[in-house]
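*Asks:*
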Amino acid sequence: MSTGLRYRWTTGACATAATTAASTALLTGTFPGPVEIRPPRGRTPAFAPLVEELGADPRGEHWARAGVVKLYPCWEPGVNCQPGYAWDSRET
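Structure representation (structure tokens):
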């Protein structure tokens with residue numbers, strides 16, 4: 004039975020994948036391959052980060068940034084990078 008609903012990944016799904024990638028990189032020192040998330044409907048999409056950056060500021064706080072691309076098929080062709088951030092301010 005068709006519900007008539009279209010399947011697209013929400014901004015929240017893209018942001019979850021980006022934040023997961025950034026958090027993984029912060030904890031392990033490397034970015035994962037495609038990040039799988041589990042939305043409520045049981046599908047398991049995988050998002051490959053487009054933006055991957057690791058760094059530290061002058062105070063020694065480490066940070067990671069990742070971004071995945073969200074396509075908008077219902078508008079003019081274009082992309083929007085959904086960012087995810089993670090940081091660690093623990094003293095080392």
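The opening position of the sequence shown corresponds to residue 4 in this note's numbering, with each subsequent residue numbered one higher. Each residue gets a CB set at the ideal place from its N, CA and C atoms; glycine is no exception.
Less than 9 angstroms separating the beta-carbons of P48 and I40?
*Replies:* In contact: P48 and I40 (Cβ atoms closer than 9 angstroms).
*Asks:* If you draw a straight line from the alpha carbon of L23 to that of A16, how long is it in whole angstroms?
*Replies:* According to the sequence displayed, residue 23 carries Thr and not Leu. Roughly 11 angstroms separates the two Cα atoms.
*Asks:* Determine the extent of the beta strand (DSSP E) in which G15 is found, giving its start and end residues.
*Replies:* No beta strand (DSSP E) holds G15; the alpha helix (DSSP H) holding it covers 14-31.
*Asks:* Alpha carbon to alpha carbon, how far is E56 from G45?
*Replies:* Approximately 30 angstroms, taken between the alpha carbons.
*Asks:* Check the DSSP bridge columns for F50 and list the partner residues they point to.
*Replies:* BP columns for F50 point to V38.
*Asks:* Check the C-beta distance from A21 over to G70 and give it rounded, since I have them as a contact under 8 angstroms.
*Replies:* The pair is a contact, with the Cβ atoms about 5 angstroms apart (cut-off 8 angstroms).
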